[in-house]
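Following full-length UniProt numbering from start to finish, the sequence shown increments by one per residue and tops out at 542. What follows is a short report on a single structure.
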Amino acid sequence: MSSPERKAGEGEEPATEAENTVDKTEDDADSGHAEAETESEEDLPTIETPTIFNVSPFSTPKSSRLPPLFDPSTQHPNVPVGWPDNATAPLPIYKIHSIQTPHSSRMSVIKVQPFIHGEDLTDATSLCWPYIPRRLLALLITICVLIAVSVILAIGLGVGLSCSGKFHCTSSARCIRTSALCDGVKDCGQGEDELNCVRLSGKRSVLQIRSKGVWRSVCWESWSSSLGFSACKQLGYSSYVNSSSIPISSVESAFQKKLVALGPGFLTLRPNYKVHSSFYLKKVQCRSGLITALKCIECGTRPGLKSRIAGGNVSAPGQNPWQVSLQYQNQYLCGGSLITNQWIVTAAHCVFGFTNPALWSVRVGLIDQPVSGASDLSVSKIFYHGSYHPEQYKYDIALIKLTQALTFSGQVQPICLPNYGETFTPGSMCWISGWGATESGGEVSVSLHSAQVPLLTTTQCGRTGLSPWNICAGYKKGGANTCLGDSGGPLACVDSVWKLVGAASWSQGCEKPNSLGVYTSITYALPWIQQNLEKEEAEQTV
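Here it is in structure tokens:
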């Protein structure tokens, strides 16, 4: 995808001297303090306690110019009588009615003048809180925030240090020994220590089980189709195709050394039991010399392709049967790849900030769009990697789950996920596809386009900030490349079957020289993908 250029924001005009003067005056006003006046005993008035209370509150001495406080014949009892216009301040009740008061002992007091630069503080709420200058208050808040952040970082650092060489439970601050991983016992709050305990490895899809923190290839002895179905469910698939035996010597050396066999107890397993339970496993050397390969889904084929493919042209029907169109509020936004009858892989930046499933729909089996009358598939869930950040190149991966499982056809097929430890050689020719623009600054295409591109090393890519999460592909001289609108679409390579090697993440310049495409490595994202699929599959079968 061609990342849109960011325009620098226009700077503000410098403030004039007059404006600065006004701002300073306002700051001075904001930072004022309540004035406190202290008087000596001689200066303060003496308030005397009344001793005669035989004066009616409804009468007023004739000598007084003030109106009566209340006249029952003319005044409504709920409407107060106003003071004369020339009255500078309300008088005490004992002075209005000439109440005689005895002498009382004098007491020094401090009067708080409720005025700030001539402004009457009539807001009772503000008077209940000590007046603090705004700048001082902001400084205090900043200091408190910094202290809180420091404490959180210190706690996080402590957890990180204490988790050195251990497994950190993401649902809590707990750390457990790696030997407790995949032992059939949930030690973490949400059981994440019992996820990703089964995998397919190498080019021949060797079944491996993680037991007590160690990955081991499964011997063919005592294996059965029922176990194969259970293993596929732990891989996140609702389907099972077959299991097969392969010689140990025919697989990569990394998968030959550590082996495990299943005991006879597995013959009576209850449904949905985890095949990695250590109670049923035993370390052996595989007496038969055979290990187990597993196939959970038919994928990576193009049964609907009938015509010859020409590079860089409009895709032929059935050429990319795993390509999907992601619609946001009925508008095309990104591409994606179908990996099962209910799951789609795309880029995190396509859904980041737009994770309401009700606003998304999916279209499959298309070449041209928009198509009137095309059926939209509803979305039930959207996941993106929790460590993804728009300013970084890593973790740009997301999953979309359809509400209903779809039916495969010649025009709609899933693409295979790569296996663990599977590598794709730089220089290998792979395919990209999408409805993105065909040139920089262009509009998205009406028709689905495909192009062939070579895989490149990180050094050949010449991009800074790349990590194992990224794969580079394209031509340094320019030409075929992903562009605006291709985000999330597949980078597909073929061996015996088509496999999803990458998801389009970003590029610059589209077809221009040195504008190479960067893709999220599906091999590197595999644990995250499998964990989410496994959790969802387990919830469906509960």
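Cβ atoms here follow ideal geometry from the backbone N, Cα and C, with glycine treated the same way. Predicted, not measured: the structure shown is a model, and the values here were computed from it.
- With fewer than 16 neighbouring CB atoms inside 10 Å of its own CB, residue 226 falls in the exposed class.
- Counting along the chain, the unbroken beta strand (DSSP E) around residue 334 starts and ends at 331–338.
- For the pair residue 378 and residue 526, the Cα-to-Cα distance works out to about 25 Å.
- In this structure, the straight-line span from the alpha carbon of residue 177 to that of residue 519 is close to 34 Å.
- The stretch 420–427 makes no contact with the stretch 332–351, as fewer than three CB pairs between them are under 8 Å.
- Of the candidates 187, 188, 215, 189, 215 places its Cα closest to the Cα of residue 199.
- DSSP, reduced to helix, strand and coil, places residue 288 outside both helices and strands of the structure shown, so it counts as coil.
- Within the model, the alpha-carbon separation for residue 453 versus residue 182 is close to 40 Å.
- Here residue 371 carries a coil assignment [DSSP, helix/strand/coil].
- In the structure shown, the three-state DSSP call for residue 415 is coil.
- Across the structure, residue 286 and residue 221 are spaced so that their CA atoms are roughly 7 Å apart.
- The count of Cβ pairs closer than 8 Å, one atom from the stretch 430–449 and one from the stretch 226–238, stays below three, leaving the stretches out of contact.
- For residue 346, the uninterrupted beta strand (DSSP E) run begins and ends at 343–346, by DSSP.
- When C-beta atoms of the stretch 359–376 are compared with those of the stretch 499–514, fewer than three pairs fall below 8 Å, so the two segments do not count as touching.
- As the crow flies, the alpha-carbon of residue 180 is around 29 Å from that of residue 203.
- The beta carbon of residue 273 sits closer than 7 Å to those of 230, all from its chain and outside the five residues before and after it, given in chain order.
- In terms of CA proximity to residue 350, 383 leads the group 340, 185, 383.
- For residue 216, DSSP records a beta bridge to 209.
- Looking at the backbone, the Cα of residue 261 and that of residue 148 are separated by about 51 Å.
- Burial is judged here by how many other beta carbons sit within 10 angstroms of a residue's own beta carbon; residue 255 has at least 16 and is buried.
- Where residue 230 is concerned, there is no enclosing beta strand (DSSP E), although the alpha helix (DSSP H) around it starts and stops at 225–234.
- Taking all protein chains shown into account, residue 145 has fewer than 16 neighbouring C-beta atoms within 10 Å of its C-beta and is therefore exposed.
- When the five nearest sequence neighbours on each side are left out, the beta carbons in the same chain lying within less than 7 Å of the beta carbon of residue 403 are those of 378, 379, 380, in order along the chain.
- For the pair of segments examined, the stretch 475–490 was found to touch the stretch 427–440: the number of CB pairs separated by less than 8 Å reaches three.
- Listed as beta-bridge partners of residue 293 by DSSP are 206, 244.
- Under the three-state reduction of DSSP output, residue 145 falls in the helix class.
- Given a length threshold of 4 residues, each whole run of the alpha helix (DSSP H) inside the stretch 413–467 is given here in chain order: 458–461.
- Taking the Cα of residue 313 as reference, the smallest distance to any Cα among 455, 139, 432 is reached at 432.
- Assignment of alpha helix (DSSP H) within the stretch 471–506, counting only whole runs of 4 or more residues, yields no such run.
- The alpha-carbon of residue 299 is positioned some 5 Å away from that of residue 415.
- Distance from the CA of residue 188 to the CA of residue 171, rounded to the nearest whole angstrom, comes to 7 Å.
- Taking the Cα of residue 490 as reference, the smallest distance to any Cα among 471, 478, 508 is reached at 471.
- In the three-state DSSP reduction, residue 139 falls in the helix class (H, G or I).
- The alpha-carbon of residue 192 is positioned some 10 Å away from that of residue 168.
- Residue burial is scored here from C-beta neighbours: residue 319 has at least 16 other C-beta atoms within 10 angstroms and is therefore classed as buried.
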